[in-house]
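Chemist:
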Amino acid sequence: MPPKKDGKQKAEKTATLGENTAQDNALSEGGKEFYRAQIRDLEERLEKYQHKCDELEVRQKDFSTSYNNVVREKQDIVLYLKRTLAQKEDELADISEKYQELQAAKDAEKESFDKQLNVLRSEFQETRDKLTSENMVLAGKLASLEDFQMQKDEIMGQMESLKEQLEHQRQDHQSVIYNLEKKAVLDNYKLKKEMQQHMATVAAEFHKISDKKIPETTKRAIHENMIAMTRLRQISETTKELMEENDALKDKEKQLKREIEIIEPLLNEMTRKSLANQKVVQQLTEKCKLMHVELEDYASHKQEHQKLVNNHSTLQKELNALRQDHKSAMDELNQTKVEAARLKTELQEERTQLGYVDTVLQEAAMALKEALKEVPREEVSEVQTFATRNQMMQKLMAILDSAEAISKG
């Protein structure tokens, strides 16, 4: 009996194992399909990540090439800018040195010009004041001399007129005196002759004429004699007055000659001073012309100095622009470095994620291979087998979930 029971149990067990094996085979086929689908999905993801990684590597190579080109260009630009900056700094230093030298020369020249100008101004002002005062004095003297000259000319004209008048009067007086003297002589001779004749007549007729007529004849003769004497006295007085007037005119002529002798040296001195003043004015004019020439030279130096200042400002602006370009290039280079570092970090993260996904996929593949290779043993119960497979499925799902989380992340 017991053997029958054992055979029955064995048959039941065999039937049960057959059913379990069929179920396991069916489950294994479904799980294999699921796992194959998961593997295909993971392989597709792996291929996608590999493609993305290749693209990132290509981009990283292109970016590295571009970055290296940019770095070389930036280095060339920086080197060019540094060389240009050094050249501009040298030019700026030379111009600054020339500017300082010109500034020092300009200051020294300006100081010298200012001193000379102040000295010339003071000398010119003193000379001007002196000449102004002398000119005023000379103008007064000249005016007085002109008045005196006019008076002199007038007096000389009057003197010439008086001389001519005096000469005419003298000639007239001499003629009158001669005529009067001649007439007086003739009259005296005639009167004497008449008186002699009259006396002879009177003497002849003395005895003939009565005593009454003698006094009348005497009275008439005395009266005629008195008239002649009065006329002679008037002629003498007129002659004396003319002689006195002639002497007065001669004295006045001598006085005018003395005044002319006194005034002529003064006039010569004033003429000499006027010529000297004209020479001084001419010298001052020449000095003023020289000062104008020096001022024009100073203006040209000032324009040249202003031109150098403008060139210095232009070079300073160019230097600032070059510095700004250098700063912009350095900022752009720093930004490029930051971008390269960021892309490098992203590439590193992508590589890390890809490596992790690759590891997960390898683990999943290993787990699937183990699950597919594993054959349930007879002594292992169905529950244990199911539990083991369930654990493997959970492990695989956890691996796939982590891979999916990484791919989403």
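Numbering of the sequence shown is given in full-length UniProt numbering, commencing with residue 1 and proceeding in unit increments.
Ideal Cβ positions, reconstructed from N, Cα and C, are used throughout, including at glycine.
Treat the numbers as computed from the prediction; the structure is a model and nothing was measured.
1) Excluding the 5 residues preceding and the 5 following ILE214 in the sequence, name in chain order all residues of the same chain whose CB lies nearer than 7 Å to its CB.
2) On the CB-based measure, 16 or more other CB atoms within 10 Å of its CB, does LEU186 come out buried or exposed?
3) What does the alpha-carbon distance come out to for the pair GLU379 and TYR35?
4) Alpha carbon to alpha carbon, what distance is there between THR336 and LEU347?
5) Decide if CYS53 is buried, meaning its Cβ has at least 16 other Cβ atoms within 10 Å, or exposed.
6) Could you tell me the alpha carbon to alpha carbon distance between LYS61 and ARG342, rounded to whole angstroms?
7) Whose CA, out of GLU363, GLN394, ALA329 and TYR356, lies closest to the CA of ILE77?
8) Roughly how many angstroms separate the alpha carbons of GLU43 and GLU57, rounded to a whole number?
9) Counting Cβ pairs, one atom from each stretch, are 3 or more of them under 8 Å apart for the region 354-368 and the region 75-94?
10) Below 8 Å on the Cβ atoms is my guess for ALA321 versus TYR67; work out the distance and round it to an integer in Å.
11) Comparing C-alpha positions only, which one of LEU290, LYS344, LEU319 and HIS326 sits nearest to LEU117?
12) If we ignore side chains and look at the alpha-carbon of each, how far apart do ASN246 and ASN277 end up?
13) Would you check if there are 3 or more beta carbon pairs closer than 8 Å linking the region 104-120 to the region 251-262?
14) Would residue 410 and GLU89 be called neighbours here (beta carbons separated by less than 9 Å)?
15) Just to confirm my understanding: we take LEU284, look at its own chain, exclude 5 residues before and 5 after, and list those with CB closer than 7 Å. What are they?
16) Rounded to whole angstroms, what is the Cα-Cα separation between LEU295 and MET270?
17) Less than 7 Å between C-beta atoms, sequence neighbours within five positions excluded: which residues of the same chain meet that for LEU120?
18) Where are the beta strand (DSSP E) runs, 3 residues long or more, that stay fully inside the region 249-310, in chain order?
19) Could you tell me which of LYS327, TYR298 and GLU332 sits nearest to SER112, measuring between CA atoms?
20) Here's a check: name, in chain order, each residue in its chain whose Cβ is nearer than 6 Å to the Cβ of LEU46, leaving out the five neighbours to either side.
21) Quick one: what's got a C-beta closer than 7 Å to VAL280's C-beta in the same chain, skipping five residues either side?
22) What does the alpha-carbon distance come out to for the pair GLU134 and SER274?
23) Determine the closest residue to LEU354 out of GLU55, MET243, ASN268 and SER313, with distance taken between C-alpha atoms.
24) Do HIS312 and TYR99 count as a contact pair if the criterion is CB distance below 9 Å?
25) When we look at the beta-carbon of residue 410 and count the other beta-carbons within 10 Å, is it buried (16 or more) or exposed?
26) Given this structure, state the Cα-to-Cα distance separating HIS223 from MET229, to the nearest angstrom.
27) Would HIS305 pass as a contact of GLN75 if the rule is Cβ separation under 9 Å?
28) Cα separation between ASP331 and GLU91?
29) Return the chain-ordered list of same chain residues with a C-beta closer than 8 Å to the C-beta of LEU315, the five sequence neighbours on each side being excluded.
Modeler: According to the structure shown:
1) Because the pLDDT at ILE214 is just 49, under 50, the model does not fix this residue reliably, and the value given afterwards should be weighed accordingly. Nothing listed; no residue qualifies.
2) exposed
3) With a pLDDT of 49 at GLU379, under the threshold of 50, the modelled position of this residue cannot be trusted, and the question is left open.
4) 16 Å
5) buried
6) 15 Å
7) ALA329
8) 20 Å
9) no
10) Actually they are not in contact, since the Cβ atoms of ALA321 and TYR67 sit about 27 Å apart, beyond 8 Å.
11) LEU290
12) 46 Å
13) no
14) The chain is shown only over 1 to 409; residue 410 falls outside these bounds and no answer can be derived.
15) PHE124 and THR127
16) 36 Å
17) LYS287 and MET291
18) none
19) TYR298
20) LEU361
21) THR127 and LEU131
22) 9 Å
23) GLU55
24) yes
25) Only positions 1 to 409 of the chain appear in the structure, and residue 410 is not among them; the question remains open.
26) 10 Å
27) no
28) 27 Å
29) LYS88, GLU91, LEU92 and ILE95
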